[in-house]
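Comments concern the structure below.
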Amino acid sequence: MKFLTLENGQLGALLGDTVVDLVAAEAALSVDLSIETLAELVTAGDAVAARAWSLAEQALERQCACRSMSEVTPLAPIPEPRRNILCLGKNYLEHVQEVAAKMKQASRAPRRPIIFTKATTAVIAAGEPIPSYPDYTQKLDYEAELALIIGTGGRDIPPEQAWEHVFGYTAMNDISARDLQKEHLQWFRAKSLDGFAPMGPVVVHRSVMPAPADIEVQCFVNGEQRQSSTFDQLIFDVPEIISVLSAGMTLLPGDIIATGTPAGVGMGFTPPKYLQPGDEVVVEVTGVGALRNPVVR
Numbered sequence: 000m001k002f003l004t005l006e007n008g009q010l011g012a013l014l015g016d017t018v019v020d021l022v023a024a025e026a027a028l029s030v031d032l033s034i035e036t037l038a039e040l041v042t043a044g045d046a047v048a049a050r051a052w053s054l055a056e057q058a059l060e061r062q063c064a065c066r067s068m069s070e071v072t073p074l075a076p077i078p079e080p081r082r083n084i085l086c087l088g089k090n091y092l093e094h095v096q097e098v099a100a101k102m103k104q105a106s107r108a109p110r111r112p113i114i115f116t117k118a119t120t121a122v123i124a125a126g127e128p129i130p131s132y133p134d135y136t137q138k139l140d141y142e143a144e145l146a147l148i149i150g151t152g153g154r155d156i157p158p159e160q161a162w163e164h165v166f167g168y169t170a171m172n173d174i175s176a177r178d179l180q181k182e183h184l185q186w187f188r189a190k191s192l193d194g195f196a197p198m199g200p201v202v203v204h205r206s207v208m209p210a211p212a213d214i215e216v217q218c219f220v221n222g223e224q225r226q227s228s229t230f231d232q233l234i235f236d237v238p239e240i241i242s243v244l245s246a247g248m249t250l251l252p253g254d255i256i257a258t259g260t261p262a263g264v265g266m267g268f269t270p271p272k273y274l275q276p277g278d279e280v281v282v283e284v285t286g287v288g289a290l291r292n293p294v295v296r
């Protein structure tokens, strides 16, 4: 069960290499889902998602409202999130160690999750350009991440119920201006410039999500692999993340949670390997496919 947002903002489904326009399929096959967007599907819940997938299978069988994925230019799964993206910092131990080495600090895993946010206006789709902002930063970096999409909202969610609140997952690139990060002594502005949150191309429903050990999070720059780890290597796992974030604060359907990045970011190399105009960055998360974005001046 893989869903995406089509160029016109409508809900689509990806079956193999075929995209089904679910709004067009509804009309053609006389099925009423009463939803038109991926954001609405997330809010509607798992039962409606199952119906939407059944409709996609029917449409594929009849070759109705179908086209090849190569002919589609999807938007970000949720192009305009209702509020800031919630993010986890330093959530892979080897990334903690590479940052500590660069900063000449003691290498210790955080005792509690490090939480920050990215502005909604940072979101762009696969294929869209990442601005390099040479007037603002000389240290543009990438961070491959698996991002969760909250389906059922809630507050004070116990860890053992956390997965029940997840609709699915996608890929995200937490683009960061390292010099702004240092200059402002916090992370928000350095990670929130327009174009600093490439996301997509699809959302994979929780029901078909592989085990964490089988989900690989990778990043390639100009074909060179820079990052690679598996989702079971998180310091704070999904149940703890959701439990902590929802403690006294209501999570809403459609909330996006970026779970952290593995080792191999540009600042971690000697000398650093920061992004430059003309580079191509590809984030790959098992099941999601390639989130591919060029860097432009």
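Per numbering that gives the first Met the number 0, residue 0 is the first one in the sequence shown, and the count goes up by one each step. Note that beta-carbon positions come from the ideal geometry of N, C-alpha and C, so glycine has one too.
Run the CB neighbour count on Phe-268, radius 10 Å, all protein chains shown included, and call it buried at 16 or more, exposed below.
exposed
Q. Touching or not, the segment 225 to 232 and the segment 150 to 163, by the rule of three or more beta carbon pairs under 8 Å?
A. no
Checklist line | Simplified DSSP state of Asp-45, which is helix, strand or coil | finding: helix
task = Report yes or no: is there a C-beta of chain D within less than 8 Å of the C-beta of Val-287?
result = Within the model displayed, chain D is absent; a lone protein chain is all it includes.
request  = Mark Asp-20 as exposed unless 16 or more other C-beta atoms lie within 10 angstroms of its C-beta, in which case mark it buried.
outcome  = buried
Those residues which DSSP pairs with Phe-2 across a bridge: Ala-12 and Val-202
- Beta carbon of Ala-176, beta carbon of Leu-290: below 8 Å? no
**Item:** Option nearest Leu-251 by Cα separation, candidates His-183, Gln-137 and Thr-42
**Value:** Thr-42
Quick one: residues in its chain with C-beta nearer than 8 Å to the C-beta of Tyr-273, no 5 flanking neighbours on either side, listed in chain order?
Gln-137, Lys-138, Leu-139, Asp-140, Arg-177, Gly-265 and Met-266
| query | Quick one: what's got a C-beta closer than 8 Å to Ile-114's C-beta in the same chain, skipping five residues either side? | reply | Leu-85, Cys-86, Leu-87, Gly-88, Val-243 and Leu-244
Practice prompt. Can you tell me which of the three DSSP states Gly-167 falls into?
Written response: strand
message = Please return the same chain residues whose Cβ sits closer than 7 Å to the Cβ of Val-22, not counting the five positions on each side in sequence.
response = Gln-9, Leu-10 and Glu-35
For this session: Could you have a look at Phe-268 and say whether DSSP puts it in helix, strand or coil?
Result: coil
- Query: So what's Leu-251 in DSSP terms, helix, strand or just coil?
  - Reply: coil
Original post:
Looking only at C-alpha atoms, which of Ala-24, Thr-4, Lys-103 and Ile-156 sits nearest to Pro-238?
Top reply: Ile-156
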